[in-house]
Amino acid sequence: MNSPSSFASQKFDRKLARTAIGRIKSSLKKFDSVADINTFRQGYHDAYHVQGQQSGETDLLTAMLGVEKLNDIPALALVVDEGLSWNQVIDRRKAMADRLSAFINHHAAKAHFRVPDNLYVQCVNLIELVQPLAIVEDKYESNYQEMVQAKDEGRLIEEFHHVFDHLVGSENPEQKHVYRAIALHFLAQEDSLMTKVRSSPAWELLILEVGTIATRWINTGEPIKTWRGIMALSGMFRLGEIYAGHQLAQSLFYKADTTRIDKQLALEVIEMTFEQYRQRRAQVPVFAHGDSETDLYRNYNTIVVEAIRNSDDPVEVDRLTRNLVTIQLEGAEKRMEGFAACALCILTPDFLPLHGVDPENERLHELRHKISAFPDTEAWCCELATTPQIKSLKARFK
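Going by this note's numbering, the first residue of the sequence shown is number 15, and it counts up by one from there.
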């Protein structure tokens, strides 16, 4: 099994290029969402290549990478996707889609190709399907496109039952069934499935099973399975699943491979998740177990504290501090263990009962020392420290 360190140093070479060319060929043949690019490929081949020579997939790969021929690739010294942070992967794939779109537009006339209005979307689809610079292909996009085609052919309910039968209760679930379950839920938001299916217990059970499997993958500690689980959680998070957002933020914060740890993205995810939680809890209970709610609060606390430590932007420090203390006080009012102490360590750092009892308290005292360098935030903390709510919290420690 490849380790994170070997991924981090591995470069994209001719062997991996041949694998990428094979993926391009397979995707163009299989998916309607990139059909026009396949038409261009044939036209480009007819215009530029002798019959029987390369069939055009190589040209598409070199266009994505911005080189003239395969022999130019080693000089680029491209680190494989697995050696980059996810934001770097996203940025690089966008650049590849830009280059491919420009290449097709440039050669369209000679290839006798009529450029479709959605060419760029098709280029993005192809990049996501192929993942040219990845060692291990993640197959979410291909499974999503297969579900789109099933929808167009009227087979979505049939696919739902197939996925359910192969996923729920399975001891060794396949990646494709997990991804298809997520795709089904996205397509259901477009009213592509009948209400009786979307309101059935089996429908809810299916997405819960996806969350369980994704978490299991992440907890293996194996780089490929961990990232596969993170991608599954990412899909569920985009569906608005609060549990998935909570787990995704935690995974990005410290469970992913070293190159894929992304504390800024973890912050964005946990803030969005907590906002969804606040909106939903006003209507219905969000968690079946109280421990899950406490875990969400603790996860928020951990990630935001770290974000404040790492920021020197006065506006960001102020925003994060106010939000953090508000959540800590909410947790304290709910009698969640440790939250009263967290709030008091930041708001009343001189409160002696919290000194010398817990290393985390000392770290929060240090955080308040940092916050004191930001006048507006410091003033807000000092004002809040004099309120009856804080006096009541202090009384718990006397």
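Think of the CB as a built atom: it goes at the ideal place given N, C-alpha and C, for glycine as much as any other residue.
Are there 16 or more other CB atoms within 10 angstroms of the CB of residue i, so buried, or fewer, so exposed?
i, result
"ASP372", "exposed"
"GLN67", "Bear in mind that a pLDDT of 47 at GLN67, under 50, signals an unreliable position, so the model cannot answer this."
"GLN145", "buried"
"PHE411", "exposed"
"THR226", "exposed"
"GLU90", "Checking the displayed sequence, the identity of residue 90 turns out to be Leu instead of Glu. Classification of LEU90: exposed, given that the 10 Å Cβ count is below 16."
"ILE104", "exposed"
"SER306", "exposed"
"GLU285", "buried"
"THR240", "buried"
Any idea what DSSP makes of residue i, helix, strand or coil?
i, result
"VAL329", "helix"
"LYS277", "helix"
"LYS44", "helix"
"LYS412", "coil"
"VAL129", "coil"
"ASN233", "helix"
"LEU343", "helix"
"ALA122", "coil"
"HIS383", "helix"
"MET350", "coil"
"ASP305", "helix"
"HIS59", "helix"
"LEU253", "coil"
"PHE174", "helix"
"ARG294", "helix"
If you drop the 5 nearest sequence neighbours on each side, which residues of the same chain put their C-beta closer than 7 Å to that of residue i?
i, result
"SER214", "none"
"PHE178", "ALA216 and LEU220"
Suppose the cutoff is 6 Å on Cβ atoms and the five residues either side in sequence are ignored; what does the same chain contact list for residue i look like?
i, result
"SER156", "LEU143"
"VAL94", "GLN24, PHE26, LEU147 and ILE149"
"ILE35", "GLU71, THR72 and LEU75"
I need the straight-line Cα distance from residue i to residue j, nearest angstrom please.
i, j, result
"MET245", "PRO402", "45 Å"
"VAL329", "VAL319", "15 Å"
"LYS405", "GLN264", "33 Å"
"ASN101", "LEU366", "44 Å"
"SER115", "GLN163", "24 Å"
"ARG55", "ALA122", "10 Å"
"TYR311", "ILE141", "37 Å"
"ALA357", "ALA197", "41 Å"
"GLY183", "GLU223", "8 Å"
"LEU247", "ALA61", "45 Å"
"GLY414", "ARG32", "Residue 414 lies beyond the stretch modelled for the chain, which goes from 15 to 412, so this question has no answer here."
"LYS190", "PHE200", "15 Å"
"GLN278", "LYS269", "14 Å"
"GLY249", "LYS408", "43 Å"
"LEU133", "ALA280", "32 Å"
"GLU397", "LEU378", "18 Å"
In this structure, what does DSSP give as the bridge partners for residue i?
i, result
"LYS405", "Answer is none; LYS405 lacks a bridge partner."
"VAL93", "LYS25"
Is the shortest distance between the beta-carbon of residue i and the beta-carbons of chain C less than 9 Å?
i, result
"ASN132", "This model lacks chain C altogether; it includes just one protein chain."
Could you name the residues of the same chain whose beta carbon sits closer than 8 Å to that of residue i, not counting the 5 residues immediately before and after it, in chain order?
i, result
"GLN13", "There is simply no residue 13 to check, as the chain begins at 15 and stops at 412 in what is shown."
"THR391", "PRO328, VAL331, ASP332, THR335, ARG336 and ILE385"
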